[in-house]
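Here's the structure we're looking at; comments come further down.
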Amino acid sequence: MGTATDAVTVRGVVSLEKGAPVTLTEIVVPAPGPGEARVKVQACGVCHTDLHYREGAINNDYPFLLGHEAAGTVEAVGDGVTSLVPGDYVVIAWRAPCGNCRSCLRGRPWYCFDSRNATQPMRLAADGRKLSPALGIGAFAEATLVAAGQCVKVDPAARPEAAGLIGCGVMAGFGAAVNTGAVTRGETVAVFGCGGVGDAAIAGAALAGARKIIAVDVDQRKLIWACRFGATHTIDARDLDPVETIRTLTDGNGADLVIEAVGHPETYRQAFFARDLAGRLVLVGVPDPSMTLELPMIEVFSRGGSLKSSWYGDCLPSRDFPVLIDLYRAGRLDLDGFVTETVGLGDVEEAFTRMRQGGVLRSVVRL
Numbered sequence: 001m002g003t004a005t006d007a008v009t010v011r012g013v014v015s016l017e018k019g020a021p022v023t024l025t026e027i028v029v030p031a032p033g034p035g036e037a038r039v040k041v042q043a044c045g046v047c048h049t050d051l052h053y054r055e056g057a058i059n060n061d062y063p064f065l066l067g068h069e070a071a072g073t074v075e076a077v078g079d080g081v082t083s084l085v086p087g088d089y090v091v092i093a094w095r096a097p098c099g100n101c102r103s104c105l106r107g108r109p110w111y112c113f114d115s116r117n118a119t120q121p122m123r124l125a126a127d128g129r130k131l132s133p134a135l136g137i138g139a140f141a142e143a144t145l146v147a148a149g150q151c152v153k154v155d156p157a158a159r160p161e162a163a164g165l166i167g168c169g170v171m172a173g174f175g176a177a178v179n180t181g182a183v184t185r186g187e188t189v190a191v192f193g194c195g196g197v198g199d200a201a202i203a204g205a206a207l208a209g210a211r212k213i214i215a216v217d218v219d220q221r222k223l224i225w226a227c228r229f230g231a232t233h234t235i236d237a238r239d240l241d242p243v244e245t246i247r248t249l250t251d252g253n254g255a256d257l258v259i260e261a262v263g264h265p266e267t268y269r270q271a272f273f274a275r276d277l278a279g280r281l282v283l284v285g286v287p288d289p290s291m292t293l294e295l296p297m298i299e300v301f302s303r304g305g306s307l308k309s310s311w312y313g314d315c316l317p318s319r320d321f322p323v324l325i326d327l328y329r330a331g332r333l334d335l336d337g338f339v340t341e342t343v344g345l346g347d348v349e350e351a352f353t354r355m356r357q358g359g360v361l362r363s364v365v366r367l
């Protein structure tokens, strides 16, 4: 891989233009500068957000270096980095609190408004074009450059295929239930959308002691998966009205906490009406920027409770990642259950196809 003072040329998966199949090509990863770390990637999950980048749904800063749910080992660090040494086993976070923005200074670093990323660009080896790394990470590559604060040290006994998933989807869902939704013992919870994020929310609710966890989806495979992570009841929304069924399952009241992990106006509306009075609704599904929402304002007022959005599960990676890994190592959080298949760097485009078809929770690139 080279030394701390060398740039390295490695293979990476790049989206060159909107909607086009991804390309496996050579990229140049600089030597770490001040406050930066170069990470040798061992595994990286294939997330819907990567597909959103490929499709131009995030922004148009092509070419993109895709991949962001990653675990690996620190290969080199730049000047001023004291929290890491080469060889450290880390999960990469896409939030690295700056410590200085108004949110950090208010004691809420999980909302950091100026999250740190590497300042040096990675580039295409062929023509030197600057790459935009997905979520400031770019880990569909044999190595990537990030801010040192994005590297969270975890138990090296956790296999990278599973550990990397807490870097995005698992943390987002788990945190939506535990951090944003503040689920407590004995509560009822409903989760709309049982992909990776929704199932992680189910797992978080189960660990927090929710007594009834209702999974809602239109795919029977996903409902079966949801039971593995702790769902006590399932609703196939193709056959049943989810709002009425949730009320029936909760003594006519609605759920204490409803998590919308789809990001669609119709499922959000259903989730809104599936709450009990003074219940909480958490949106963690990412909507298309063109989507709009209409609700009767009197219902927003009269039902009370709270409507929240969950950013990255409102997590503090340095606090939460090691905890989730410890839960995994203790057999209490089934990270292995999220890994449907492992693939190679050259298989990302095919993994996107399987993702669209709904046949996987997560494909994971193993390097």
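Counting from 1, one number per residue, gives the positions in the sequence shown under full-length UniProt numbering. The C-beta atom is built at its ideal place from N, Cα and C for all residues, glycine as well. Quick caveat, the model's predicted, so the values are computed rather than measured.
Taking the beta strand (DSSP E) that Lys222 falls in, what are its first and last residues? Numbered from its first residue, the sequence shown carries residue 222 at position 222. Taken as a continuous stretch (DSSP letters only), Lys222 belongs to no beta strand (DSSP E), being part of the alpha helix (DSSP H) at Gln220 to Arg228.
Under a Cβ-count criterion, where at least 16 other Cβ atoms within 10 Å of its own Cβ denotes burial, should Ser302 be classed as buried or exposed? Locating residue 302 in the sequence shown gives position 302, where the first residue counts as 1. Exposed is the call here.
Taking contact to mean at least 3 C-beta pairs separated by less than 8 Å, is the segment 123–132 in contact with the segment 101–108? no
8 Å Cβ shell around Arg366 - same chain, five flanking residues per side excluded: Taking the first residue of the sequence shown as 1, we reach residue 366 at position 366. Excluding positions up to five away in sequence, the list reads Gln42, Ala43, Pro160, Glu161, Thr342, Val343 and Gly344.
Does the count of Cβ pairs from the segment 213–228 and the segment 187–196 closer than 8 Å reach three? yes
Distance, Cα to Cα, Ala210 vs Gly263? Taking the first residue of the sequence shown as position 1, residue 210 is located at position 210. Taking the first residue of the sequence shown as position 1, residue 263 is located at position 263. Rounded to whole angstroms, Ala210 to Gly263 spans 23 Å at the Cα level.
Through-space distance from Leu327 to Arg275, alpha-carbon basis: If you number the sequence shown from 1, residue 275 lands on position 275. If you number the sequence shown from 1, residue 327 lands on position 327. So the two alpha carbons sit approximately 29 Å from each other.
For Asn60, does the count of other Cβ atoms within 10 angstroms reach 16, so buried, or fall short, so exposed? Residue mapping note: residue 60 aligns to position 60 of the sequence shown, counting from 1. Burial call: exposed.
Going by DSSP, name the residue or residues bridged to His233. Position 233 of the sequence shown, counted from the first residue, corresponds to residue 233. Answer by DSSP bridge pairing, in chain order: Ile214.
To the nearest angstrom, how far is it from the Cα of Gln120 to the Cα of Ala31? Sequence index remark: in the sequence shown, residue 120 carries index 120 (1-based). Sequence index remark: in the sequence shown, residue 31 carries index 31 (1-based). The alpha-carbon atoms of Gln120 and Ala31 are separated by roughly 9 Å.
Residue of Gly19, Ser132 and Asp155 minimising C-alpha distance to Gly72: As a working note, residue 72 is residue 72 in the sequence shown. Considering only alpha carbons, the answer is Asp155.
DSSP beta-bridge partners of Gly12: On the sequence shown, residue 12 is found 12 positions in, with the first residue counted as 1. Beta-bridge partners assigned by DSSP to Gly12: Thr25 and Ala141.
Following a CB-centred definition, is Thr119 positioned closer than 7 Å to any heavy atom of the ligand FMN? With respect to small molecules bound, the structure shown includes none, and the ligand FMN cannot be examined in it.
Does DSSP put Phe192 in a helix, a strand or coil? Within the sequence shown, numbered from 1, the residue matching residue 192 stands at position 192. Strand, per DSSP.
One or two residues paired with Arg275 in a DSSP bridge: As a working note, residue 275 is residue 275 in the sequence shown. Looking at the DSSP assignment, Arg275 forms a beta bridge with Ala255.
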